[in-house]
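Here the first sequence stands for residues 5 to 931, numbered as in the working numbering. A virtual CB, placed ideally from N, CA and C, is assigned to each residue, including glycine. Fair warning: this is a prediction, and the values are worked out from it, not measured in the lab.
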Amino acid sequence: MEKHFDPKEIEAKWYQNWENNGYFKPSQSSSNGTYSIVIPPPNVTGSLHMGHAFQDTIMDTLVRYHRMKGDETLWQPGTDHAGIATQMVVERQLAAQGITRHDIGREEFINKVWQWKAESGNTITKQLRRLGASADWSRERFTMDDGLSTAVKEVFVRLHKEGLIYRGKRLVNWDPVLHTAVSDLEVISTEENGYLWQIKYPLTNGSGYLIVATTRPETMFGDQAVAVHPDDERYQDLIGETITLPLVGRKIPIIADDYVDMEFGTGCVKITPAHDFNDYEMGKRYNLSILNIMTDNAAMNNEVPDKYQGLDRFVARKQVIKDLEALKLLDETKKHKLMVPRGDRSNSVIEPYLTDQWYVAITELAKPAIDAVKNGNIEFIPKNWENTYFEWMNNIQDWCISRQIWWGHRIPAWYDDKGNIFVGKSEQEVRTENNLSAEIKLKQDDDVLDTWFSSALWSFSTLGWPEKTVEMQKFHPTSVLVTGFDIIFFWVARMIMMSLKFTGEVPFKQIYVHGLVRDGEGQKMSKSKGNVLDPIDLIDGITLEELVKKRTSGMMQPEKYSKIEKATRKQFADGIDPYGTDAVRFTFASLASNGRDIRFDLNQCEGYRNFCNKIWNATRYVLMNTKNQDTGIDSSLPTTLSLADKWIVSKLQQVEADVDKHFSNYRLDLVANSLYEFIWSEYCDWYLELSKATLNSEDSTEEQLRGTRKTLVGVLETILRLIHPIIPFISEEAWQVIAPLAGKTGQNNASIMLQKYPKCDYSKIDAESIEELEWVKDFISGIRKIRSEMNIIPSKKLSLLLEQMDSKSKKWLDNNKISLILLAKLESITILSSSQIAPESAVTLVGNMKILIPMAGLIDKQTELQRLNKEVSRLSDEIKRFTAKLSNTKFVTNAPKEIILKEKQKLLKTEATLKNIKEQHEKINNL
RNA sequence: ACGACCGUAGCUCAGUUGGUUAGAGCACUACCUUGACAUGGUAGGGGUCGGUGGUUCAAAUCCACUCGGUCGUACCA
Numbered sequence: 005m006e007k008h009f010d011p012k013e014i015e016a017k018w019y020q021n022w023e024n025n026g027y028f029k030p031s032q033s034s035s036n037g038t039y040s041i042v043i044p045p046p047n048v049t050g051s052l053h054m055g056h057a058f059q060d061t062i063m064d065t066l067v068r069y070h071r072m073k074g075d076e077t078l079w080q081p082g083t084d085h086a087g088i089a090t091q092m093v094v095e096r097q098l099a100a101q102g103i104t105r106h107d108i109g110r111e112e113f114i115n116k117v118w119q120w121k122a123e124s125g126n127t128i129t130k131q132l133r134r135l136g137a138s139a140d141w142s143r144e145r146f147t148m149d150d151g152l153s154t155a156v157k158e159v160f161v162r163l164h165k166e167g168l169i170y171r172g173k174r175l176v177n178w179d180p181v182l183h184t185a186v187s188d189l190e191v192i193s194t195e196e197n198g199y200l201w202q203i204k205y206p207l208t209n210g211s212g213y214l215i216v217a218t219t220r221p222e223t224m225f226g227d228q229a230v231a232v233h234p235d236d237e238r239y240q241d242l243i244g245e246t247i248t249l250p251l252v253g254r255k256i257p258i259i260a261d262d263y264v265d266m267e268f269g270t271g272c273v274k275i276t277p278a279h280d281f282n283d284y285e286m287g288k289r290y291n292l293s294i295l296n297i298m299t300d301n302a303a304m305n306n307e308v309p310d311k312y313q314g315l316d317r318f319v320a321r322k323q324v325i326k327d328l329e330a331l332k333l334l335d336e337t338k339k340h341k342l343m344v345p346r347g348d349r350s351n352s353v354i355e356p357y358l359t360d361q362w363y364v365a366i367t368e369l370a371k372p373a374i375d376a377v378k379n380g381n382i383e384f385i386p387k388n389w390e391n392t393y394f395e396w397m398n399n400i401q402d403w404c405i406s407r408q409i410w411w412g413h414r415i416p417a418w419y420d421d422k423g424n425i426f427v428g429k430s431e432q433e434v435r436t437e438n439n440l441s442a443e444i445k446l447k448q449d450d451d452v453l454d455t456w457f458s459s460a461l462w463s464f465s466t467l468g469w470p471e472k473t474v475e476m477q478k479f480h481p482t483s484v485l486v487t488g489f490d491i492i493f494f495w496v497a498r499m500i501m502m503s504l505k506f507t508g509e510v511p512f513k514q515i516y517v518h519g520l521v522r523d524g525e526g527q528k529m530s531k532s533k534g535n536v537l538d539p540i541d542l543i544d545g546i547t548l549e550e551l552v553k554k555r556t557s558g559m560m561q562p563e564k565y566s567k568i569e570k571a572t573r574k575q576f577a578d579g580i581d582p583y584g585t586d587a588v589r590f591t592f593a594s595l596a597s598n599g600r601d602i603r604f605d606l607n608q609c610e611g612y613r614n615f616c617n618k619i620w621n622a623t624r625y626v627l628m629n630t631k632n633q634d635t636g637i638d639s640s641l642p643t644t645l646s647l648a649d650k651w652i653v654s655k656l657q658q659v660e661a662d663v664d665k666h667f668s669n670y671r672l673d674l675v676a677n678s679l680y681e682f683i684w685s686e687y688c689d690w691y692l693e694l695s696k697a698t699l700n701s702e703d704s705t706e707e708q709l710r711g712t713r714k715t716l717v718g719v720l721e722t723i724l725r726l727i728h729p730i731i732p733f734i735s736e737e738a739w740q741v742i743a744p745l746a747g748k749t750g751q752n753n754a755s756i757m758l759q760k761y762p763k764c765d766y767s768k769i770d771a772e773s774i775e776e777l778e779w780v781k782d783f784i785s786g787i788r789k790i791r792s793e794m795n796i797i798p799s800k801k802l803s804l805l806l807e808q809m810d811s812k813s814k815k816w817l818d819n820n821k822i823s824l825i826l827l828a829k830l831e832s833i834t835i836l837s838s839s840q841i842a843p844e845s846a847v848t849l850v851g852n853m854k855i856l857i858p859m860a861g862l863i864d865k866q867t868e869l870q871r872l873n874k875e876v877s878r879l880s881d882e883i884k885r886f887t888a889k890l891s892n893t894k895f896v897t898n899a900p901k902e903i904i905l906k907e908k909q910k911l912l913k914t915e916a917t918l919k920n921i922k923e924q925h926e927k928i929n930n931l
């Protein structure tokens with residue numbers, strides 16, 4: 005084995021081996037239960053970002069863990085067609101050649117999208133493989149597959165039959181750039197600077213005017229009323245009168261409605277039912293007509309005076325203001341902050357716009373979905389996300405599912421010449437069901453479905469629904485959904501509704517909601533900020549120049565170029581080292597706590613790369629000491645276990661129990677930390693060092709050597725299985741060399757993936773060994789401390805004197821002499837009898853036992869006195885604290901007995917130690 | 001405005017149902033090329049747990065208020 009671990013060499017090799025051998029497929033022997041996860045489908049033409057890498061690491065770790073536990077495990081992979089996003093990419097490609105999709109037509113355009121999918125569609129699945137994702141690729145699905153398309157049609161038709169899908173003319177969120185409706189969720193409202201204009205609307209009877217306040221004066225052409233509050237004394241006598249709309253000349257009524265806020269503006273609101281959601285509702289209440297004044301492009305249509313027709317809404321706005329001003333009807337212009345709705349894809353200002361769209365009537369579907377979470381059939385982890393879910397579900401609006409784009413599931417509805425609508429899975433079915441003869445012309449709806457419509461079926465459509473498949477029966481409901489909180493509404497809630505409706509089952513029993521990955525400063529990673537990291541670059545490494553190039557190429561806002569370049573050069577002066585998949589995965593696992601923000605820090609990644617190297621070298625050490633030697637595989641031969649052997653086996657059981665507990669709570673950070681701590685601080689720092697005492701001692705018997713070799717190998721073999729779900733590659737590579745030494749034989753030896761996950765055996769926990777080994781550690785640490793504080797060079801071997809030995813210390817000393825000499829670097833250990841007088845020495849205590857290091861030639865008197873003084877004051881402080889507590893009668897009467905006892909013991913122990921230290925101080929002082 | 005979450009060492013974060021001297025990693029200091037590993041070892045410094053008040057024998061932990069931050073939802077034209 006090489007001195008340093010090289011991830012590149014082993015990763016590709018093992019991944020191919022696993023996949024080719026079908027280890028990612030569910031095992032057929034389901035003696036245990038089943039376990040299944042569906043991947044939140046990434047955009048098929050997208051590429052892996054840090055969020056994916058984090059999420060997929062979590063899923064893969066869970067899946068590998070359950071697979072090894074013996075569950076019949078399926079990780080169902082697949083990708084999403086991402087309607088608008090993908091269409092935009094292809095349109096941009098066309099735009100580069102100077103053509104639009106309309107130039108080439110629908111069919112040709114769709115072909116182009118499929119071509120683009122074929123070109124780029126493997127990128128993300130290849131990247132997932134680089135991450136080590138053990139998904140069953142043989143079952144990979146795509147939302148535009150035939151099978152999934154069948155499911156989409158089935159659902160659409162059934163919902164329509166039940167009246168839960170309907171077509172209606174309503175106000176929708178209209179994206180005038182993309183020319184499509186979008187759902188509420190795809191609109192992001194942010195505060196922007198604008199103006200509040202106060203406009204005089206003359207009363208028709210000529211007796212004056214009302215002043216209305218508006219942020220959108222261009223919509224006045226569509227005004228159908230002016231509203232005031234019914235209690236507003238200023239306008240009481242005007243209710244029921246009319247005003248004459250300036251620039252238009254239309255008479256519109258003054259109505260009273262308590263929706264109006266008397267305090268805001270002038271207390272008068274213009275009502276434009278076709279261009280404002282609130283006004284639309286009010287329009288319905290008062291039977292106002294709905295006058296649309298805009299085109300698909302959000303320009304003025306021919307319902308407005310000639311002068312304004314064809315003007316873009318913002319141009320029209322300026323013109324209206326100018327013209328009102330000229331008419332002296334503009335009362336005032338105030339600066340005003342307002343919420344401006346923008347499309348999450350196009351960033352254009354969204355227009356409330358009157359169109360025909362398809363909707364899902366959602367209330368009836370929402371009810372059981374709310375109940376499923378309320379009654380615990382679905383559990384959010386962490387639990388508080390329930391609130392977010394309920395909050396949304398209780399205020400849910402009908403879902404606009406039609407999109408005026410070309411890439412997606414075309415709506416299975418056909419129209420005849422008279423405008424009759426027929427819904428069915430195919431034109432043929434529609435004709436048959438409705439007895440439509442071949443002469444009757446039918447035209448399919450041009451629109452496609454919201455991408456999330458097909459995603460909402462993902463948990464069951466990927467398993468073969470509407471067919472009654474074995475997979476449906478086995479793996480649905482899935483065990484857990486691993487997802488970010490940003491798509492609880494988009495996806496999670498809708499999947500719950502659809503699954504309950506069509507399978508009668510919840511889609512998943514648990515929802516593990518993880519945080520979102522941010523950069524080291526806590527900023528969201530985004531291309532436009534230039535702070536994105538590509539997980540593959542962390543794995544393979546990247547030079548600074550390449551990174552700068554990557555971050556600054558294809559930018560939407562080139563003016564940011566120099567800023568991004570500068571920041572990148574500063575932060576990654578030497579580029580990024582190749583850390584390997586395992587280190588990156590371990591980093592993600594260690595970040596998977598309950599927090600909402602995951603800050604990704606390269607230094608942590610480096611730390612975990614070192615950890616991987618530590619495992620590698622521990623393996624080298626074990627191999628070096630056990631290869632071609634008797635590792636106790638033949639159980640008929642006698643073995644003797646050393647204290648250290650028994651201790652590390654005990655500790656191993658504890659860590660196994662911890663890991664199990666943390667897995668069940670989805671605390672992968674704690675899983676990672678427990679393993680890190682055990683492997684580094686216990687197995688490597690102490691056990692491997694202690695094993696040297698047995699292995700290198702000429703006095704060791706064959707039984708002892710066999711016992712230690714067996715433990716070295718056995719514990720390491722178990723460690724590798726324990727950690728495999730997080731770091732699959734290095735654990736496999738190391739396991740392959742270690743497993744034979746641990747006597748692993750048989751078919752399942754082909755891969756660590758086929759091995760059983762370790763389980764805690766409480767009978768192997770030996771409390772006495774733990775206590776004794778703690779004593780050994782204290783002994784060694786005590787001496788190391790003195791060495792360090794007294795500046796004794798590490799290579800200097802010390803002669804120790806021991807005083808105040810009780811029988812236990814004597815026994816333990818006998819047991820561990822070789823270890824102590826080796827690890828504390830000792831020349832000799834001498835026990836002083838009570839009659840012998842010790843020379844001047846530095847001292848440390850282990851329990852009541854005194855360890856003396858003679859000072860002659862080594863230690864300066866003043867330095868030692870200083871050290872002892874420090875110790876005295878520390879101990880005195882403690883005693884004060886304990887005494888105060890124990891002399892508090894309230895504490896003594898109220899606290900539980902065990903606690904009081906503990907405090908008393910602490911006090912006694914500290915007092916004894918202090919006494920010893922004080923004596924020592926006096927002794928040295930008197931020299 | 002409502003709701004959720006967060007505030008612990010220089011940085012990133014753990015800290016279970018209240019109960020050792022509040023922990024880890026990174027960074028920092030000193031010493032060390034010892035035979036698994038310098039991607040290492042040994043030892044060390046560093047925190048009034050955002051603030052105030054309360055409950056309790058005992059609060060980082062529970063409660064109230066407050067300050068700061070993040071996110072979500074709803075918003076007055």
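- For D673, the closest alpha carbon among the candidates N700, L720, F590 is that of F590.
- Following the DSSP letters along the chain, one finds L627 inside the alpha helix (DSSP H) bounded by residues 606-630.
- F479 sits in a helix when the DSSP states are folded into three classes.
- Segment contact: the region 828-836 against the region 782-796, three or more CB-CB distances shorter than 8 Å; contact assigned.
- For P356, the enclosing beta strand (DSSP E) starts and ends at 355-364.
- Taken through DSSP and simplified to helix, strand or coil, Q80 comes out as strand.
- Under DSSP, the beta-bridge partners assigned to Y205 are L214.
- A check of alpha carbon separations from A229 across I169, I256, W495 identifies I256 as the nearest.
- Residue burial annotation: V474 is exposed, with fewer than 16 other C-beta atoms found within 10 angstroms of its C-beta.
- V517 and I88 have their C-alpha atoms some 26 Å from each other.
- Between I103 and W79, the C-beta spacing is not below 8 Å.
- In this structure H106 is exposed. Its beta-carbon is surrounded by fewer than 16 other beta-carbon atoms within 10 angstroms.
- Contact between I203 and P180 is ruled out by a C-beta separation of about 24 Å, above the 8 Å threshold.
- As the crow flies, the alpha-carbon of S799 is around 35 Å from that of D881.
- For V191 against G347, the beta-carbon gap comes to about 7 Å, under 8 Å, which counts as contact.
- Taking every protein chain shown into account, the CB of R871 has 16 or more other CB atoms within 10 angstroms, so this residue is buried.
- Beta-bridge partners assigned by DSSP to G488: H518.
- Assignment of A185 by DSSP, reduced to helix, strand and coil, places it in the strand class.
- Secondary structure at A229: strand, using DSSP grouped into helix, strand and coil.
- If only complete runs of 4 or more residues are kept, the region 130-195 shows the alpha helix (DSSP H) at 150-165, in order along the chain.
- Boundaries of the alpha helix (DSSP H) harbouring D327: 317-330, taken from the DSSP string.
- When rounded, the separation of the alpha-carbon atoms in F146 and T49 is 11 Å.
- The DSSP assignment places complete beta strand (DSSP E) segments of no fewer than 3 residues inside the region 249-329 at 255-260, 272-275, in order along the chain.
- R349: not part of any beta strand (DSSP E); DSSP gives it neither H nor E.
- Shown here for T466: same chain residues with a beta carbon closer than 8 Å to its own, the five before and five after excluded, namely V42, Q80, G82, R143, R145, L152 in chain order.
- In this structure L315 does not touch M298 by the C-beta definition: roughly 10 Å separates them, more than the 8 Å allowed.
- Excluding residues up to 5 positions away in sequence, T38, S40, L78, L467 lie with their Cβ nearer than 7 Å to the Cβ of F479 in the same chain.
- For L830, the uninterrupted beta strand (DSSP E) segment begins and ends at 830-835.
- The three-state secondary structure of A860, taken from DSSP, is coil.
- Per DSSP, reduced to three states, the secondary structure at M499 is helical.
- Apart from the 5 residues on each side of it in sequence, S31 sits with its Cβ closer than 6 Å to the Cβ of E76 in its chain, given in chain order.
- For R603, the three-state secondary structure derived from DSSP is strand.
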